[in-house]
Amino acid sequence: MSEYDYEDLGLVAGLEIHQQLDTATKLFCGCPTELREPDDAARTFTRFLHPTKSELGELDDAALEESRVEREFEYLAYDTTCLVEEDDEPPHGLDEEARTVVMQIASLLDMNVVDQAHVMRKLVIDGSNTSGFQRTTLIAQEGEIQTSDGPVSIVDLMLEEESAQRVEERGDDVLFSLDRLGIPLVEIGTGPDISSPEQAREAAQTIGMLLRSTGKVKRGLGTIRQDVNVSIADGARVEIKGVQALDQIDEIVRFEVGRQAELVEIRDELQSRGASVGDVTDVTDVFADSDSGVIRGALDDGGKVMGVRLAGFDGLVGRELQPDRRLGTEFSDHAKRHGAGGIFHTDELPAYGVTEDEVDALREAVDAGPEDAVAIVADDPETADLAIDAVAERAEVAIEEVPEETRGANDDGTTRYLRPLPGAARMYPETDVLPVDLDPSDVETPELLTEKEDRYQDEFGLDAGLAEQVAYGRKMPLFEQAVDEGIDATFAAGLLESTLTELRRDDVAVESLSDDHLLAVMHLVEDGDLAKEGVNDVLSTIAENPDLTAEEAVEEAGLSGVSDDEVREAIAEVVERNAEQVEEQGMGAFSALMGEAMGALRGKADGGVVSDVLREEIQKRA
């Protein structure tokens with residue numbers, strides 16, 4: 001796809017960053033913020049969700065469309081979840097730790113904290129919340145970050161509950177897990193100040209750095225998500241949901257700009273052709289003897305084929321909007337939202353088992369001329385009717401404008417239609433949670449990661465590379481705790497960044513090593529009860545049996561400390577075995593014998609001690 005002049009196109013973009021907080025308990029109950037495996041579920045239950053009207057008696061368009069497909073939602077409950085997640089008990093008060101962390105984030109974003117936090121309900125009926133709504137509250141407004149292309153305003157900072165995790169789709173039914181539901185989540189919304197894909201990425205990276213500076217955000221896939229709002233002057237505001245990789249944001253923006261620019265050109269071409277959308281028509285008879293697998297399968301199951309004439313659309317339905325995604329793909333997305341597997345259209349036919357004779361008969365059946373296209377849906381009768389109507393509606397919009405909508409991010413940077421943009425009708429007050437007074441003066445502003453990086457070099461003497469690794473690494477809070485407790489900073493940094501990486505590469509289950517395990521091992525080394533050379537073996541032993549204490553793991557690994565006499569005796573034996581080499585090379589034999597001596601002691605003695613004793617023993621023989 002060609003590069004665009006973003007200024008000329010009038011690109012305007014904004015971000016919504018969603019970040020899970022690493023608090024001890026969830027936002028509205030005392031359950032831990034711990035993710036579980038589906039096999040650990042204690043029980044399951046089901047829900048059917050339906051849209052409700054706002055206080056003004058309005059129905060949200062996005063919720064209304066979602067409700068057109070009748071779905072059953074099944075939920076996995078655990079011994080670490082409670083009745084609050086199941087919507088069988090009122091929510092508790094707003095979690096205090098989450099309030100503190102979110103006010104720290106407000107301080108880092110230079111925002112004005114509201115005097116009182118009021119919880120609201122946001123209508124969500126896709127099954128991701130058992131209640132049919134998500135609880136959210138405004139915490140702060142009017143902040144700003146800096147980018148190389150100028151400032152980007154921060155409009156609002158919200159504290160809300162994370163949604164349930166989607167485990168499996170079973171046709172129209174969906175299986176969710178309650179372990180994630182209720183984890184505190186911050187939402188940061190920027191102003192529409194971003195004018196290039198590169199600035200969008202930089203702004204997201206800056207916000208991500210500020211969030212990690214608190215040391216209280218979760219890390220890993222799925223713990224942070226970016227939504228990107230994109231529009232061009234002749235296009236429309238489109239919200240792209242679920243961008244998980246920071247390095248994908250600029251590509252997402254580029255592809256969306258290209259999509260809207262292509263849709264604008266298609267709109268202009270359709271208007272110049274006097275395009276229109278005909279009535280939907282039952283064309284089942286055309287395909288009565290079809291060999292197309294999709295169509296044959298639908299008809300054999302009692303289904304039908306519905307078609308619609310798209311006057312003036314010939315050649316445009318197959319026009320590419322994004323890599324491997326065309327206007328026909330957009331039509332298909334709308335059909336899929338109503339339960340269909342997809343559509344066929346005449347810009348791609350004959351194909352998929354549909355013959356040229358069938359295409360000619362189809363055109364005749366809907367009275368389509370050479371400049372017209374035809375789209376068809378083959379499915380059960382109800383789905384086929386809903387899906388072809390959705391295709392016709394989307395085609396009518398294509399003639400008039402680029403539609404405002406919510407789209408989902410694909411792994412390749414392209415996007416797919418999800419639903420209409422939500423409106424104000426989806427928000428209404430939460431009556432089960434009392435307002436909370438907020439006092440930001442009680443909260444200390446965290447040190448930025450960039451400042452930590454500089455401090456680690458100046459205060460602890462870490463080299464620039466290691467200082468950056470530790471400051472931006474997941475174990476940064478543990479590193480700070482370790483040095484506060486007297487652990488040597490270089491040793492702590494090396495263990496957390498290098499040793500754990502080595503063990504992971506050796507297929508050691510380092511995820512089984514808790515912070516307490518790591519800290520205890522560091523203290524054993526610091527106190528002289530474990531040689532540094534034995535750390536890998538001890539950590540590997542704990543990883544195999546996390547119930548062991550660090551002291552027990554030392555015993556299990558056979559690395560209990562040895563006396564000075566035992567060290568000297570072991571090294572003397574090494575020198576004796578290599579007497580001829582020592583007599584010939586003197587201290588030149590040191591390097592070879594050092595490795596043998598360390599092997600003989602198997603990490604039971606510190607390398608510095610072994611080195612000193614070996615030198616003495618060699619000098620006696622030389």
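For the sequence shown, full-length UniProt numbering begins at 1 and goes up steadily by one. For glycine and all other residues, C-beta sits at the position ideal for the given N, C-alpha and C.
Comparing C-alpha distances from G242 to each of A409, D385, A368 and G341 shows the shortest one belongs to A409. Per DSSP, G258 is one residue of the alpha helix (DSSP H) stretching across I249 to R273. Annotation: E401 to V264 spans about 7 Å, alpha carbon to alpha carbon.
Per the DSSP secondary-structure output, G307 pairs in a beta bridge with T281 and I376. Between the alpha carbons of R219 and R180 lies a gap of roughly 14 Å. The alpha-carbon of P32 is positioned some 30 Å away from that of G486. The Cβ atoms of I240 and R47 do not sit closer than 7 Å to each other. In this structure, DSSP gives H338 a state outside helix and strand, which the three-state scheme calls coil. A check of alpha carbon separations from K452 across A509, V374 and T214 identifies T214 as the nearest.
Here the alpha carbons of T130 and L123 stand approximately 11 Å from one another. E202 and F28 have their C-alpha atoms some 33 Å from each other. About 6 Å separates the Cβ atoms of P38 and V167, confirming a contact at the 8 Å cut-off.
Within the region 368-414, the complete beta strand (DSSP E) segments at least 3 residues long are 373-379 and 405-409, listed from N- to C-terminus.
Taken through DSSP and simplified to helix, strand or coil, H517 comes out as helix. No residue range can be given for K26, since it is assigned to no alpha helix (DSSP H) and is classified by DSSP as neither H nor E.
No Cβ-Cβ contact shorter than 7 Å links P197 with V12. When the Cα atoms are used, G258 and L548 turn out to be separated by approximately 57 Å. A buried status is given to N229, since no fewer than 16 other beta-carbon atoms sit within 10 Å of its beta-carbon. Beta-bridge partners assigned by DSSP to L9: none are found. If you check the CB distance, T137 and V119 come in under 7 Å.
Listed in chain order, the alpha helix (DSSP H) runs fully inside the region 55-141 are 61-67 and 96-108, counting runs of at least 4 residues. Each of E447, S441 and T445 was checked against the Cα of D115, and the nearest Cα belongs to S441.
With at least 16 other beta carbons inside 10 angstroms of its own, D379 counts as buried. Straight across, the Cα-Cα distance linking I17 with I105 is about 12 Å. Under the DSSP assignment, R505 falls in the alpha helix (DSSP H) whose first and last residues are L500 to R505.
Looking only at A311, S276, A492 and Q248, the smallest Cα-Cα distance to K532 is reached by A492. By the C-beta density criterion, Q165 is buried, having at least 16 other C-beta atoms within 10 angstroms. If you draw a 10 Å sphere on the C-beta of Q19, you find 16 or more other C-beta atoms in it, and that means buried.
Following the DSSP letters along the chain, one finds N536 inside the alpha helix (DSSP H) bounded by residues V535 to E544. Residues of the same chain with a CB within less than 6 Å of the CB of A365, apart from the 5 flanking positions on each side, are V283 and V286 in chain order. Assigned with DSSP and collapsed to three states, E34 falls in coil, not helix or strand. Contact annotation: L178 and T81 have beta-carbon atoms nearer than 7 Å.
In the three-state reduction of the DSSP assignment, K216 falls in the coil class.
Distances from the alpha-carbon of K216 to those of A464, K475, D22 and R254 put D22 closest. By the C-beta criterion, the region 291-306 is judged not to be in contact with the region 264-278, since fewer than 3 inter-stretch pairs fall below 8 Å. Within the DSSP bridge table, the entry for I240 names V228 and R407 as partners.
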